[in-house]
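A.B. asks:
There are 2 protein chains.
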Amino acid sequence: MRSKPWGSTSTPPKDSIPASSAIKTWERKTINAVGDVIGFWGFKKNHGRIWSLLYLKERPMRSAEIQKVLGLSKGAVSMLMQDLEQWKVVVANKDQKPRTYVANEHIAQMIIGVFRQREAGLLKRTKRILEEAHREAQQDQASPKKLQRIQSMLNLATFMNQFLNMLSSLNPLNVQTLIQKFSTKT
Amino acid sequence: MRSKPWGSTSTPPKDSIPASSAIKTWERKTINAVGDVIGFWGFKKNHGRIWSLLYLKERPMRSAEIQKVLGLSKGAVSMLMQDLEQWKVVVANKDQKPRTYVANEHIAQMIIGVFRQREAGLLKRTKRILEEAHREAQQDQASPKKLQRIQSMLNLATFMNQFLNMLSSLNPLNVQTLIQKFSTKT
DNA sequence: TACTTGGTTCAAGGAGTCTTAAACTAAGAA
DNA sequence: TTCTTAGTTTAAGACTCCTTGAACCAAGTA
Chain A
-4 MRSKPWGSTS TPPKDSIPAS SAIKTWERKT INAVGDVIGF WGFKKNHGRI
46 WSLLYLKERP MRSAEIQKVL GLSKGAVSML MQDLEQWKVV VANKDQKPRT
96 YVANEHIAQM IIGVFRQREA GLLKRTKRIL EEAHREAQQD QASPKKLQRI
146 QSMLNLATFM NQFLNMLSSL NPLNVQTLIQ KFSTKT
Chain B
-4 MRSKPWGSTS TPPKDSIPAS SAIKTWERKT INAVGDVIGF WGFKKNHGRI
46 WSLLYLKERP MRSAEIQKVL GLSKGAVSML MQDLEQWKVV VANKDQKPRT
96 YVANEHIAQM IIGVFRQREA GLLKRTKRIL EEAHREAQQD QASPKKLQRI
146 QSMLNLATFM NQFLNMLSSL NPLNVQTLIQ KFSTKT
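Going down the list, the sequences are from chains A and B. Here my numbering is used: position 183 in the first sequence is 178, and no number is missing along the way. Here my numbering is used: position 106 in the second sequence is 101, and no number is missing along the way.
Okay, structure coming up:
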C-alpha cells in the first residue's frame, strides 16, 4: 500500500487516557476503540470518545468530569460538547447549573444525518459547477460523448448522497435494531 | 456550525490549474469539481482530478502531460498514479516506454471497494479490542446492560461496513447504470 | 562507456487541522 | 460589590498530512 492516510492495519492509534483517571481498563479500551471508529468516519476521535464514555457510563456527566476522565482541556471539552449537542449526539440538561450531558442512543442515525448534511453543501456547489461546465462544453461543440461523461460525473457526485438518503429514510432505531434490519437485507 | 473540518457551504476550495495549461475552462471546472467530491470521500483531491482528467479526455495520457496540465510535481504524479493503479481506478499500459494511462469507467464500484478495504484494518482491530473489553467487563461483574452496550458499539463499528458490503455485492456496472439502479430503489 | 529519458523514493518544508491555555463573559453567592 | 464557578472564545503552538525537489535507479541509445 502506497498511500495510507487511513486504515493502516499496522499502527494502532496511540491516544491515551491519563492513568490517573478513575475508569477501568475495559472502559478505556472501549472508549478509545469507538473513538477510532467514529474518527475514521470523518469526525474527531474525541467526539467519539465522549459519546462512548457517556453511553457506557449510562448516567449524566458534567464537563469537568469528562475533561478529567479523558484528559482533555476545558476549552476542548466545551467545543466538542457544542458539536455533539448540535448534532444531537448528546443531550444537555441546561437547567442545572453545572450542566450535564447524556448520550443519545440513536447514534447511527445521527452519524448518517450529519454525514448527509456535511455533504449537502459541497454537493450543491458541485452540481452548479458541473451544470455550468456542461453548458459551456455544449457551446464549445464538445462531442456528445464528452457531454455524456460530464453528466456521468455529476451522477457520481450524487451517488453517495442518494445512498445516505436511502439510509436516513429509515425510521429512528437504536443501534442494534438498525444493524439487525440491515443484516436481514444482506 | 462550530466545527467545520469539512463541507462548509461558504468556502469553495481554491486549487487552481495553471493558466498556461492547454485545457479549456469547462474542462478545468469539471476536473476541480470532481476532485473536490472525491477528496471529500477520503481520497486526495488530486486522485480525483487525475481520474477526472483522464475520463474527460477519453484518451491515454502520459505522466508528463498530466503533470503539466494539473500543475503537479513529477514525484507527486508518480505516487498518485501508483495509488490509482493499485485501486484500478486507472489502467496503465506499461508496454510502451513512456507509459500511458486511461481512466477506468467503473469508478463508483472502485470507490466502494477501496472504501471497504480501507475500513477493513481498523474494523478488525476494533472488533478484537471490543470483544476483549467485553470479556474483561464480564469478569468485572459489569451489569448486563453495560455488556449489552459494548455489544451495541461493536455493531456500530460494523454498521457502515455492512452497507458497503451490500453495495459492492452488486455486479460491476458503469457509473450511470449504477446510479439508475439506486434511483429506482429510492 | 556515457548520455538521456521515464519513473521512484524520501527527507525537508509547507499547508492545514487540532488542542491548549489564557483571557473573557455570565450568573449565583456572600 | 466582589468572589467563585461554569462555560466560551481565540491566538499560538503542536501535530499531521501532503507536496516538493533532489537524488536515485533502470533501460534504451549513441
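Positions of the beta carbon are idealized from the N, C-alpha and C atoms, including for glycine.
Mind listing which residues of the region 39 to 62 of chain A have their C-beta closer than 8 Å to chain B's C-betas, in chain order?
C.D. replies: So the list reads K39, S47, Y50, L51 and E53, given in the order they occur along the chain.
A.B. asks: Using CA atoms only, rank isn't needed, just tell me which of A:A87, A:Q146, A:R57 and A:A28 is closest to L118 of chain B.
C.D. replies: Residue A:A28 is the option with its Cα nearest to L118 of chain B.
A.B. asks: Is there a C-beta anywhere in chain A that falls below 8 Å from the one on L151 of chain B?
C.D. replies: Output row for L151 of chain B: interface = yes.
A.B. asks: Measure the C-alpha to C-alpha separation of N88 of chain A and G34 of chain A and round it to an integer number of angstroms.
C.D. replies: Going from the Cα of N88 of chain A to the Cα of G34 of chain A covers about 26 Å.
A.B. asks: Mind checking G30 of chain A: buried by the 16 CB within 10 Å criterion, or exposed?
C.D. replies: By the 10 Å Cβ count, G30 of chain A comes out buried.
A.B. asks: For A128 of chain A, would you say it is in contact with chain B, using Cβ-to-Cβ distances shorter than 8 Å as the test?
C.D. replies: It does: the Cβ of A128 of chain A has a partner Cβ on chain B nearer than 8 Å.
A.B. asks: Quick one: Cα of T4 of chain A to Cα of A115 of chain B, how far?
C.D. replies: Any answer about T4 of chain A is weak, because its pLDDT of 35 lies below 50 and its placement is not dependable; what the coordinates show is given next. Spanning the two alpha carbons is a distance of roughly 8 Å.
A.B. asks: So I145 of chain B packs on T25 of chain A, CB below 8 Å; how close in whole Å?
C.D. replies: 6 Å between Cβ atoms; contact.
A.B. asks: Please tell me whether V97 of chain A and V109 of chain A are closer than 8 Å, where the distance is taken between their beta carbons.
C.D. replies: Contact: no.
A.B. asks: Are the Cβ atoms of L149 of chain B and K122 of chain B separated by less than 8 Å?
C.D. replies: Yes, Cβ-Cβ distance for L149 of chain B and K122 of chain B is below 8 Å.
A.B. asks: Counting only beta-carbon separations shorter than 8 Å, does F35 of chain A have a partner in chain B?
C.D. replies: It does; some Cβ of chain B falls within 8 Å.
A.B. asks: Helix, strand or coil: how does DSSP classify V85 of chain B here?
C.D. replies: Three-state result, V85 of chain B: strand.
A.B. asks: Considering Cα atoms alone, identify which of A:R111, A:E53, A:L65 and A:W46 is closest to V84 of chain A.
C.D. replies: Ranking the options by Cα distance to V84 of chain A, first place goes to A:W46.
A.B. asks: Alpha carbons only, please: which of B:R120, B:Q91 and B:T95 is nearest the one belonging to R54 of chain B?
C.D. replies: It is B:T95.
A.B. asks: For K40 of chain B, collect the residues of the same chain with a Cβ closer than 6 Å to its Cβ; drop the 5 residues on either side in sequence, then sort them by chain order.
C.D. replies: Cβ within range, chain order: G30 and G34.
A.B. asks: Starting from A98 of chain A, trace the beta strand (DSSP E) in both directions and tell me its first and last residue.
C.D. replies: From DSSP, the beta strand (DSSP E) with A98 of chain A extends over T95 to A98.
A.B. asks: Under a Cβ-count criterion, where at least 16 other Cβ atoms within 10 Å of its own Cβ denotes burial, should E126 of chain A be classed as buried or exposed?
C.D. replies: So E126 of chain A ends up on the exposed side.
A.B. asks: For the candidate residues A:Y50, A:G37 and A:M56, whose alpha-carbon lies nearest to that of I102 of chain A?
C.D. replies: Of A:Y50, A:G37 and A:M56, the residue nearest in Cα terms is A:Y50.
A.B. asks: So is L117 of chain B in contact with chain A if we call contact Cβ pairs under 8 Å?
C.D. replies: So yes, L117 of chain B belongs to the interface.
A.B. asks: Strictly below 9 Å CB to CB, what residues from chain A border M148 of chain B?
C.D. replies: Simply T25, A28, V29, V32, S47, Y50, L51, I102 and V170.
A.B. asks: Let me know the alpha helix (DSSP H) ranges lying completely inside the region 14 to 70 of chain A, each 4 residues or longer, listed in chain order.
C.D. replies: Segments of the alpha helix (DSSP H) lying fully in the region 14 to 70 of chain A: 20 to 35, 40 to 52 and 58 to 65.
A.B. asks: With distances taken Cα to Cα, identify the nearest neighbour of R111 of chain A among A:A128, A:R23, A:F38 and A:A17.
C.D. replies: Nearest of A:A128, A:R23, A:F38 and A:A17 to R111 of chain A, Cα basis: A:F38.
A.B. asks: Taking 8 Å as the CB-CB cut-off, is D184 of chain A touching chain B?
C.D. replies: Past the boundaries of the shown model lies residue 184 of chain A; chain A is included only from -4 to 181, so the question cannot be answered.
A.B. asks: Which residues in chain A have a C-beta closer than 8 Å to the C-beta of K83 of chain B? List them in chain order.
C.D. replies: Result: empty, since nearest Cβ-Cβ is about 14 Å, beyond 8 Å.
A.B. asks: If we cut at 8 Å on Cβ distances, does T125 of chain A have a partner in chain B?
C.D. replies: Per the sequence shown, residue 125 of chain A should be read as Leu rather than Thr. Taking Cβ atoms only, chain B reaches closer than 8 Å to L125 of chain A, which makes this a yes.
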